[in-house]
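What follows is a single structure, written as structure tokens, with notes after it.
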Amino acid sequence: MEDKTVLMFKNIKKRTLILFILIFSFSFIDSAIAGSGWIIYREGAFKGIVIDSETKEPIEGVVVVAIYRIREYSFVESGTAAVDAKEVLTDKNGEFYISPHIYFSLYPVASGETTEFIIYKPGYRAFDKAQLTFGNPLSIFAIGPSTIGYMELGKKTVNGHTIEFGSKKTKTYPEGLMFSGEGCKKRIDSIKQSTPFMIDYIFLPLEGARDKIKKLQIPLDCPKVGKAVPHVDQTYNFRNDIKGYINKSFVIIELSKLSTWDERRKTNAISISISERKWPLLNKAIKKEEEWLRRNRGWKRKIK
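One rule links them: number in my numbering = place in the sequence shown (from 1) + 48.
Right under this line is the structure:
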């Protein structure tokens, strides 16, 4: 039998080794989060409500899928890849909540990309792989006081030649609502010729917007008097407080009903780039719609 002193010494060595491994592991994780190469990517929670664009009523049973992407870099090229997905169903009030998510990249150099979404309900036009705030036909979210940087476009004539140029500017907004999507197309078209920047949103100032949006106590159509909000080009590392509110705000997404069999067939053609195991709810809904399409060829919606 081994001497008790020898056994005690061996146990101490084992514990020391385990402690060293744990310390090293936590140091590795901490450095990864700090951005020294290997990354642990965090994405905040997303919450909101899906409503019918005609009736403005909540839609129950809508599949909401968040697709998490990263951009990976090598010595010769870079590319984006979908690395994970999360899905939920809207409840009887049309509301959804996607909890915060953490995922890992084993690529030496990588960065998080904007999360994409699929929002799907048979009979409605699908919201397919779009940013949460650029959907169809209308998306609305609330912001607090915010400042953004952007590039203002201009032209000048030099020696008879017209030269286009850009100058860095900032804009500040009070609490209010941001509108985007096809529902704002008319408003954007009416002002874009006289607007010296690319337009991302239409803004409507509204006191208490972050509370009122949860109760739908806000305009549910794009405001005719709303102001244009510039596109923030991340190439220049502009300040963008608005982006921070997308994860914090309660977002309203409107979906429009489809009217013909062909429309339903086309919107059902959603390509999936991640394993089906990642989104069983979406696959179930798509297959259910495929069966409906087989049984109801030539269908047209009766419009009241």
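A virtual CB, placed ideally from N, CA and C, is assigned to each residue, including glycine.
Bounding residues of the beta strand (DSSP E) (the contiguous stretch that carries residue i)
i: P278; result: 275–278
i: D356; result: Outside the modelled stretch of the chain, which goes from 49 to 352, sits residue 356, for which no answer is possible.
i: G171; result: Where G171 is concerned, there is no enclosing beta strand (DSSP E), given that its DSSP letter is neither H nor E.
i: M199; result: 194–206
i: E143; result: 143–146
i: V98; result: 94–100
Alpha-carbon to alpha-carbon, residue j and residue i
i: E339; j: R345; result: 11 Å
i: P222; j: K291; result: 15 Å
i: T283; j: L201; result: 16 Å
i: R312; j: I318; result: 11 Å
i: W327; j: S194; result: 35 Å
i: I294; j: N207; result: 46 Å
i: G85; j: E91; result: Model confidence at G85 stands at a pLDDT of 45, short of 50, so the residue's coordinates are unreliable and nothing is read from them.
i: P185; j: L303; result: 6 Å
i: W347; j: V98; result: 25 Å
i: K216; j: A133; result: 36 Å
Integer Cβ distance of residue i from residue j, believed to fall under 8 Å
i: Y145; j: A93; result: 7 Å
i: P278; j: K219; result: 7 Å
i: L330; j: Y168; result: 6 Å
i: A314; j: E102; result: Checking the sequence shown, residue 314 turns out to be Lys, not Ala. At roughly 20 Å, the Cβ-Cβ gap does not stay under 8 Å, so K314 and E102 are not in contact.
i: C270; j: F227; result: 5 Å
Where residue i sits in the DSSP three-state scheme
i: P328; result: helix
i: I355; result: The structure shown does not extend to residue 355, since the chain spans only 49 to 352, so no value can be given for it.
i: I71; result: Only weak support exists for where I71 lies, its pLDDT of 38 falling under 50; the value from the coordinates is given anyway. Of the three classes helix, strand and coil, the one that applies to I71 here is helix, per DSSP.
i: T315; result: helix
i: K291; result: helix
i: K240; result: helix
i: E230; result: helix
i: L306; result: coil
i: L341; result: helix
i: G346; result: coil
From the options, residue whose alpha carbon lies closest to that of residue i
i: D259; options: K272, I247, G192, V206; result: G192
i: Y151; options: G142, S187, E143, A114; result: A114
i: I301; options: R117, D132, H149, Y172; result: Y172
i: P253; options: I247, P267, E337, E105; result: P267
i: I166; options: I188, I334, L264, L225; result: I334
i: V111; options: D100, D139, D132; result: D139
i: V131; options: P185, K95, Y116; result: Y116
i: K149; options: E143, E135, N141; result: Per the sequence shown, residue 149 should be read as His rather than Lys. The shortest Cα separation from H149 among E143, E135, N141 belongs to E135.
i: K350; options: S307, N316, I261; result: S307
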